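One structure is given here, and the rest of the page talks about it.
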Amino acid sequence: MLWFTEQHTPNVRFSIKVDRQLFSEQSEFQRIDVFESEEFGRVLTLDGYLMLTEKDEFIYHEMIAHVPMCVHPQAKNVLVIGGGDGGTVRELCKYKTIEKIDLVEIDERVVDISKLYLPKVACALEDPRVHCYYEDGLKFIRHVEDEYDLIIVDSTDPFGPGEGLFTKEFYGNCFKALHEDGIMVNQHESPFYQEDAYAMQRAHKRICHSFPISRVYQVHIPTYPSGHWLFGFASRKYHPVKEVNWQAWKDLRIRCRYYNCPLHAGSFALPNYVEELLRDVED
Amino acid sequence: MKYISQENAPILEALEKMKIARLVPFDVPGHKRGRGNPELTKFLGEQCLSVDVNSMKMLDNLCHPVSVIKEAEELAAEAFGAAHAFFMVGGTTSAVQAMVMSACKQGDKIIMPRNVHRSAINALILCGAVPIYVNPQMDPTLGISLGMSVSDVERAIKENPDAKAVLVNNPTYYGICSDIKSIAKLAHEHGMLLLADEAHGSHLYFSDKLPVAAMHAGADMAAISMHKSGGSLTQSSILLIGDRVSQGYVHQIINLTQTTSASYLLMVSLDISRRNMALRGKALVDKIIALVQYARDEINTIGDYYAYSSELINGDSIFDFDITKLAIYTRSIGLAGVEVYDLLRDEYDIQTEFGDIANLLAYVSVGDREKDIERLVSALAEIRRNYRQTGREMLKAEYISPQVVCGPQEAFYGEKESLPLYDTLGRVCSEFVMCYPPGIPILAPGERITEEILRYIRYARKKGCQMTGPEDMELKQLNVLTHI
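Protein sequence lines, in the order shown, are assigned to chains L and P.
Residue numbers for the first sequence follow the numbering used here, so the first one is 158 and each next one is one higher.
Residue numbers for the second sequence follow the numbering used here, so the first one is 9 and each next one is one higher.
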């Protein structure tokens, strides 16, 4: 019997029974593996950390993309940083009004391998509106000013290749790269285990310094540590819930398995302990 | 005799043999391979504690090297092109002091630029030699002191034909080199030794794209900080000597102040780093050059900042430039270097080497990664966007020519009194005042305190420079000589 095990903390492990390993490679930046499993379908891991499974990736990708798009449906130019698997881009491509999606992924191999082994996730990467840039996100954003309506930071953890995407200089540069009514949504780690909670607090603190509106919303992802995951919603103008035109989004008739408007509003209501963690780092 | 080459690391090999021998230690250190201090072992690692040992037959002795340390030093000498190399465990400070004290005795004169590191003037306090300062040229825009002009050195030599040695920074902290070859030639023609403070130049020995290294330029002694650009552990250093000085005498001088329990962690780090630089130094330096050039280009496209390089070369006071140094002029965004230094650390979690009143210095080495360079560049761009100030009055750094009233030893040990800092105008200082880093004295013992100097101290302190040196660590009081 073959098992994939990820250490969620030094004292907690999470395992998935694996049918077989489909792919393994050490790229310039990280080790990339794809497994086939009975329970979760295909599983993509980077440096041994689970990035997505076919069974629950819809939760992550729908919630990272539709929340900001519902708040700001006029968004035309979108930047995705990280997200080489294509899941976020797939959700964005459901909006006919989006004119351009720039995908900045540091590791071209993640994109290649996702196209080969995760076609259900990577299916929209060939959309003509999508432009892929293979470079460091921090470097890319530094040269951009007043360019995007929406930036989605679909990053790995704050160690390894994604390190630079959790820094104050990165968030500041994102602010600068957005139009004056732009929104940035980011993968915000988890509040539950201590190490993840520290990373979450640090990210929140830094985002608060750069954006006038900085909120956090939660989502349930079974294969991520503790299952309780957060996204950051940072905005130059729009509030994530107040004055959102819910009906306009419903009229788009976009089919989702997780996302809906009441859930969107509800996801910004956080448990007390999470509110407290966030308050601790807000000035 | 067995054949050893640069592929060898004799101290490393001996330590590995010692570990296999599983000796029962009834000698110091008392932690006994870490077993006696589990908390320390947990923190530093068993591997580290197991080789923190005392000198013994199979490991040689730094105070009197006859086997593996001797071999390691010979390999280092070969790698750096010197007649002999001494492993130093008291930092490059100890190497600079040994160099100065080997060349000079009580009352001897030594010619040096005023922008030397404090360790050189400290050595003068210890041995009683007297400095003859050559004023380094100053770049009026950047506000940094440059190298010595050859004609200035020549004048100092002619005026002081009895001087024993000339000391040169090769390069300065900022990467600026004097014409060390010509200065060495001049010194030798007048029977003087040429000493080089190469605290920021150990990598020069391994690339043909960089300024000439001191020993290759004919220096008689050079103090090189292996722990800066060479990759060894903090506090380890090497003193190189040429044929003109007596190895035995230098060794005696070193032993005057050197510990008799030299750390094998430091020594093995020198041995391994020497091997690494000898075998792979060229490629490593190439990588640093490329990283720094990339950073410089990116920083210069941000706007306002000026990351300078070899375009400064003027054939004299900037005879050459070490392009592995990343120094950035920041006054153009209305911020002192030290203010940018503080912002980088406090707001962006980036620790740079130091900031002075007009420049920031980021130290780039073999350990840096491209993504770290991206962070530095991005943070600088953000600092400019968020903190830039215009129309702010900034002190223009100018070279303050010291008025030397008496020698450092006489002043340091002389009869003195403690006065409130701003009441010391016109008096003679008996201690050091400097911003650290870079550790270049604003005032050295024996120098007159002028209005200009007090203004500089006030300004640097206001900008957040850490002032060190005086007995009163807060620098409210300053010691001055009573009789002058």
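Note that beta-carbon positions come from the ideal geometry of N, C-alpha and C, so glycine has one too.
From a predicted model like this one, the values you see are computed outputs, not experimental measurements.
Reference residue i, options the options, closest by Cα
i: residue 202 of chain P; options: P:242, P:251 and P:235; result: P:251
i: residue 321 of chain P; options: P:120, P:155 and P:360; result: P:155
i: residue 435 of chain L; options: L:345, L:286 and L:415; result: L:345
i: residue 327 of chain L; options: P:380, P:434, P:456 and P:49; result: P:380
i: residue 471 of chain P; options: P:81, P:376, P:350 and P:212; result: P:350
i: residue 444 of chain L; options: L:283, L:352, L:317 and L:237; result: Any question about residue 444 of chain L goes unanswered here, given that chain L covers just 158 to 440.
i: residue 414 of chain P; options: P:482, P:399 and P:492; result: P:492
i: residue 271 of chain P; options: P:11, P:27, P:30 and P:36; result: P:36
i: residue 319 of chain L; options: L:431, L:386 and L:186; result: L:186
i: residue 301 of chain P; options: P:246, P:401 and P:370; result: P:370
i: residue 422 of chain L; options: L:364, L:367, L:430 and L:400; result: L:400
i: residue 441 of chain P; options: P:120, P:316, P:19 and P:476; result: P:476
i: residue 336 of chain P; options: P:435, P:358 and P:362; result: P:362
i: residue 359 of chain P; options: P:365, P:367, P:366 and P:348; result: P:348
i: residue 448 of chain P; options: P:474, P:432 and P:424; result: P:474
i: residue 89 of chain P; options: P:224, P:124 and P:313; result: P:224
i: residue 415 of chain L; options: L:385, L:376 and L:388; result: L:376
i: residue 329 of chain P; options: P:166, P:266 and P:217; result: P:217
i: residue 419 of chain P; options: P:408, P:435 and P:409; result: P:435
i: residue 163 of chain P; options: P:149, P:195, P:77 and P:451; result: P:195
i: residue 304 of chain P; options: P:283, P:386 and P:437; result: P:386
Strand pairing of residue i, partner residues [DSSP]
i: residue 385 of chain L; result: L:377
i: residue 106 of chain P; result: The partner list for residue 106 of chain P (beta bridge, DSSP) is empty, contrary to what the question assumes.
i: residue 239 of chain L; result: L:311
i: residue 81 of chain P; result: Paired residues: none, contrary to the question.
i: residue 426 of chain P; result: P:487
i: residue 464 of chain P; result: In the DSSP output, where bridge partners are listed per residue, residue 464 of chain P has none listed.
i: residue 174 of chain L; result: L:160
i: residue 369 of chain P; result: P:335 and P:362
i: residue 204 of chain P; result: P:176 and P:230
i: residue 92 of chain P; result: P:249
i: residue 223 of chain L; result: None, per the DSSP bridge assignment.
i: residue 268 of chain P; result: Bridge partners of residue 268 of chain P: none, in fact.
i: residue 340 of chain L; result: L:307 and L:392
i: residue 215 of chain L; result: Answer is none; residue 215 of chain L lacks a bridge partner.
Within chain L, partners of residue i - CB distance below 8 Å
i: residue 7 of chain P; result: The displayed coordinates of chain P run from 9 to 492. Any statement about residue 7 of chain P would go beyond what the structure contains.
i: residue 389 of chain P; result: 299, 326 and 330
i: residue 356 of chain P; result: 324, 325 and 326
Proximal residues of chain P, C-beta to C-beta of residue i below 7 Å
i: residue 162 of chain L; result: Within 7 Å Cβ-Cβ: nothing; residue 162 of chain L doesn't reach chain P, min ~26 Å.
i: residue 296 of chain L; result: 382
C-beta atoms of residue i and residue j nearer than 8 Å
i: residue 224 of chain L; j: residue 310 of chain L; result: no
i: residue 240 of chain P; j: residue 327 of chain P; result: no
i: residue 325 of chain P; j: residue 485 of chain P; result: no
i: residue 92 of chain P; j: residue 85 of chain P; result: yes
i: residue 131 of chain P; j: residue 114 of chain P; result: no
i: residue 180 of chain L; j: residue 270 of chain L; result: yes
i: residue 305 of chain L; j: residue 329 of chain L; result: no
i: residue 253 of chain P; j: residue 127 of chain P; result: no
i: residue 133 of chain P; j: residue 417 of chain P; result: yes
i: residue 243 of chain L; j: residue 313 of chain L; result: no
i: residue 382 of chain P; j: residue 321 of chain L; result: yes
i: residue 120 of chain P; j: residue 138 of chain P; result: no
i: residue 1 of chain P; j: residue 174 of chain P; result: The question about residue 1 of chain P has no answer here: the residues shown for chain P are numbered 9 through 492.
i: residue 388 of chain P; j: residue 313 of chain P; result: yes
i: residue 350 of chain L; j: residue 382 of chain L; result: yes
Where residue i meets chain L, residues with beta-carbon distance less than 7 Å
i: residue 379 of chain P; result: 293, 320 and 321
Contact list for residue i against chain L, beta-carbon separation under 9 Å
i: residue 372 of chain P; result: Going along chain L, no residue has its Cβ under 9 Å from residue 372 of chain P, so there is no contact; the nearest lies around 17 Å.
i: residue 300 of chain P; result: Those within 9 Å of residue 300 of chain P in chain L number zero; the least Cβ separation is about 16 Å.
i: residue 385 of chain P; result: 295, 296, 299 and 326
Cutoff 8 Å: residue i Cβ touching any chain B Cβ
i: residue 487 of chain P; result: Chain labels in this structure do not include chain B; the protein chains are L and P.
Segment contact, 8 Å Cβ cut-off, at least three pairs: the stretch 55-75 of chain P with the stretch 227-238 of chain P: No contact exists between the stretch 55-75 of chain P and the stretch 227-238 of chain P.
Cβ contact check for the stretch 284-300 of chain L and the stretch 207-219 of chain L: 3 or more pairs under 8 Å: No, the stretch 284-300 of chain L does not touch the stretch 207-219 of chain L.
Validate contact between the stretch 165-177 of chain L and the stretch 186-205 of chain L using beta carbons, cut 8 Å, 3 pairs: Yes, since at least three Cβ pairs between the stretch 165-177 of chain L and the stretch 186-205 of chain L fall closer than 8 Å, the two stretches touch.
Three or more C-beta pairs below 8 Å linking the stretch 41-50 of chain P and the stretch 204-212 of chain P: Under the Cβ criterion (8 Å, minimum of three pairs), the stretch 41-50 of chain P does not count as touching the stretch 204-212 of chain P.
Stretch pair the stretch 21-36 of chain P + the stretch 56-68 of chain P: three plus CB contacts closer than 8 Å: By the Cβ test, the stretch 21-36 of chain P is in contact with the stretch 56-68 of chain P, since at least three Cβ pairs between them sit closer than 8 Å.
Cβ contact (3+ pairs, closer than 8 Å) linking the stretch 394-404 of chain P and the stretch 271-281 of chain L: In the pairwise beta carbon analysis, the stretch 394-404 of chain P is classified as not touching the stretch 271-281 of chain L: fewer than three pairs are separated by under 8 Å.
Segment contact, 8 Å Cβ cut-off, at least three pairs: the stretch 429-443 of chain P with the stretch 460-471 of chain P: In this structure the stretch 429-443 of chain P touches the stretch 460-471 of chain P; the number of beta carbon pairs closer than 8 Å is three or more.
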